[in-house]
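S.K.: What follows is a structure written as structure tokens; I'll ask about it next.
Numbering (my numbering), first residue to last: 407 to 585.
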């Protein structure tokens, strides 16, 4: 038997996810049944939320290019001046524990996806990031990072993005939009 090929899924279990393989390569999340149980039981794969942390530094001056400068300064107060933050990003993925690797997502793949999502933000002026449209609030950054992570291969298992701008303020985004 080829040792790199996962065994077929057991009845009631999700098939082994390439994303959660020991090599950490591949894409997509896993489907599968909900429910609990042990990793060795035959009831179904346990659903687990895994969270990883990453830090990066960036500068910004809060403003909205759609507003006159005085109105923008009044809206954002002292944050309308150029300043910086040491951001802390937590990314949570949720899915069935792969029966072969014992993981929801390969740790190396999750780390690489997170690093790629912040690569152009780290030590940058966020006012120069076109995807933010000139408004670099922590809320908009969280939504931007969600989109990047979802497109980067975590879309099937991405559960939450939490971004702390300071120890007192953070944004949590779960992919929801108001209709």
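For glycine and all other residues, C-beta sits at the position ideal for the given N, C-alpha and C.
Assuming contact is defined by CB atoms lying nearer than 7 Å, are residue 547 and residue 556 in contact in what I supplied?
M.R.: no
S.K.: Compute the distance between the beta-carbons of residue 493 and residue 462, then report whether it is under 7 Å.
M.R.: Yes. Within cutoff.
S.K.: Secondary structure at residue 539, three-state DSSP: helix, strand or coil?
M.R.: coil
S.K.: Assign residue 508 to buried or exposed, taking buried as 16 or more other Cβ atoms, counted over all protein chains shown, within 10 Å of its Cβ.
M.R.: exposed
S.K.: When the distance is taken between beta carbons, is residue 467 closer than 7 Å to residue 488?
M.R.: yes
S.K.: Assuming residue 544 contacts residue 575 under a Cβ cut-off of 8 Å, what Cβ separation, rounded to an integer in Å, is found between them?
M.R.: 6 Å
S.K.: Once DSSP output is grouped into helix, strand and coil, what is the label at residue 434?
M.R.: The predicted model places residue 434 with a pLDDT of 41, which falls under 50 and marks its position as unreliable, so this point remains unresolved.
S.K.: Give me the residue from 499, 585, 536 and 538 with the minimum Cα distance to residue 459.
M.R.: 499
S.K.: Taking CB distances under 7 Å as the criterion, tell me whether residue 471 reaches chain D.
M.R.: This model lacks chain D altogether, as it is built from one protein chain only.
S.K.: Whole-angstrom Cβ separation of residue 526 and residue 535, contact assumed at under 8 Å?
M.R.: 7 Å
S.K.: Just how far apart, CA to CA, sit residue 496 and residue 472?
M.R.: 31 Å
S.K.: So who's on the other strand from residue 557, going by DSSP bridges?
M.R.: Residue 557 is not bridged to any residue.
S.K.: Whose C-beta lies closer than 8 Å to the C-beta of residue 572 among residues of the same chain, with five residues either side of it excluded?
M.R.: Closer than 8 Å at Cβ, skipping near neighbours: 491.
S.K.: Which whole-angstrom value describes the C-beta separation of residue 586 and residue 532, a residue pair presumed to lie in contact below a C-beta threshold of 8 Å?
M.R.: As displayed, the chain neither begins before 407 nor continues past 585, which places residue 586 out of reach and without an answer.
S.K.: Give me the Cα-Cα distance between residue 513 and residue 476, rounded to the nearest whole angstrom.
M.R.: Whole-angstrom Cα-Cα distance: 46 Å.
S.K.: For residue 569 and residue 578, I'd like the C-alpha separation in whole angstroms.
M.R.: 6 Å
S.K.: Taking the continuous alpha helix (DSSP H) assigned at residue 507, which residues delimit it?
M.R.: From DSSP, residue 507 is part of no alpha helix (DSSP H); its letter is neither H nor E.
S.K.: Just curious, the beta strand (DSSP E) that residue 467 is in, first and last residue?
M.R.: Unbroken run through residue 467: none, as it is neither H nor E.
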